[in-house]
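What the sequence shown shows, in the numbering used here, is residues 54 to 327, in sequence order.
The beta-carbon is built from N, C-alpha and C at its ideal position, and this holds for glycine as well.
In this text, all values refer to a predicted model and were calculated from it rather than measured experimentally.
See structure below.
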Amino acid sequence: MILSHARLPIPPLRHEFKEGKTYLFLIFYYISRESQILGVVLKTSWRKLMKDEYYRDYLDIVRSFRQYLEKRKEKGVKAVSSENEDSQELLEKLFHSIQRCRKCPLYKFRTNPVLGRGNPKARIMLIGEAPGREEDLQGKPFVGAAGRLLGEDLRKAEIPEEDIYIANVLKCRPPRNRDPSPEEIKACFPFLLEQIRIVNPRVICTLGKFATQTLLNTKQSILRLRGKVLSYQGKIPLIPTFHPAACIYRPDWRKFFLQDLCLVREQLSRRKGT
Ligand code: URA
């Protein structure tokens with residue numbers, strides 16, 4: 054059987070590869086899109102290359118997209134490039150996959166999964182840790198006390214609302230707001246990666262230790278990392294800062310938090326027009 058263009062899976066995100074074969078593999082992928090001959094070979098070796106758990110996450114996401122694209126086709130839309138899709142619709146699709154997600158036990162405790170809020174084509178993406186009680190009830194991130202502090206400081210830093218999209222590493226609330234476990238982060242991470250791909254921000258700002266360490270794949274302390282312009286996958290500037298909830302308990306950190314948000318705004322104006 055030869056796979057057609059439409060049935061070839063979308064290339065996986067870089068973090069999902071552990072080996073240096075990535076680039077070689079992507080080259081094969083694109084050749085096969087042209088030739089349609091290597092499809093079968095690719096699909097098999099692809100599965101071997103990726104860990105099984107990643108492969109399942111990856112397939113879930115690909116399946117959602119395929120359904121979405123089929124619907125678009127039914128409606129008579131010809132272009133199927135995901136870059137041209139409407140971000141809002143893609144995020145809605147992603148939300149439906151999260152509603153069906155059973156990859157970790159947190160779905161049992163949630164009232165609502167929390168995907169994100171704000172402009173789906175925002176130039177700045179803020180990434181927190183996990184929904185708290187209010188967020189779980191309302192299905193939106195940062196709508197409790199930490200969210201109010203964040204809103205105040207975004208205004209002080211003169212970052213307009215239309216420039217912002219807010220998300221979390223975990224989409225379901227951990228019981229009693231405990232720290233996310235490594236297994237929960239691992240299970241939920243593909244959703245965040247897809248969310249970043251869809252929003253495609255110019256600058257990312259991670260709020261607190263979990264978001265920072267997860268996106269940078271490091272164990273370094275937030276105290277060392279905050280206030281620096283680092284990089285997400287070598288492509289998007291990433292600025293870590295404190296979690297706004299931490300600034301409630303440590304009011305002396307708030308000035309650094311505001312400084313970091315100002316750095317985010319500055320970084321954005323540097324990247325204007327890119
Ligand atoms: N803390 C977070 O990290 N995210 C929220 O959405 C709310 C509080």
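For residue i, three-class secondary structure by DSSP
{"i": "Arg229", "result": "helix"}
{"i": "Pro254", "result": "coil"}
{"i": "Thr265", "result": "helix"}
{"i": "Pro293", "result": "strand"}
{"i": "Ala298", "result": "helix"}
{"i": "Arg279", "result": "coil"}
{"i": "Leu260", "result": "strand"}
{"i": "Arg318", "result": "helix"}
{"i": "Arg155", "result": "coil"}
{"i": "Ile219", "result": "strand"}
{"i": "Pro166", "result": "coil"}
{"i": "Phe195", "result": "coil"}
{"i": "Gln312", "result": "helix"}
{"i": "Asp139", "result": "coil"}
{"i": "Pro213", "result": "coil"}
Element boundaries [beta strand (DSSP E), containing residue i]
{"i": "Ser284", "result": "Leu283 to Tyr285"}
{"i": "Leu179", "result": "Ile177 to Gly181"}
{"i": "Arg170", "result": "Gly169 to Gly171"}
Cβ-Cβ separation, residue j to residue i (assumed contact under 8 Å), whole Å
{"i": "Arg176", "j": "Val256", "result": "7 Å"}
{"i": "Leu260", "j": "Pro290", "result": "Going by Cβ atoms, the distance from Leu260 to Pro290 rounds to 16 Å, so no, they are not a contact pair."}
{"i": "Cys157", "j": "Glu237", "result": "5 Å"}
{"i": "Ala183", "j": "Arg226", "result": "6 Å"}
{"i": "Asp19", "j": "Gly280", "result": "The structure shown does not extend to residue 19, since the chain is modelled only from 54 through 327, so no value can be given for it."}
Limits of the unbroken alpha helix (DSSP H) element including residue i
{"i": "Gly200", "result": "Ala198 to Lys209"}
{"i": "Arg186", "result": "Arg186 to Gln191"}
C-beta neighbour in chain B for residue i, strict 8 Å
{"i": "Asp305", "result": "Looking for chain B here will not work: only one protein chain is present."}
Item to complete: Collect the residues with a C-beta less than 7 Å away from any heavy atom of the ligand URA and give them in sequence order along the chain.
Response: Val167, Gly181, Glu182, Ala183, Pro184, Gly185, Glu188, Pro194, Phe195, Gly197, Ala199, Gly200, Asn221, Leu260, Gly261, His296 and Ala298
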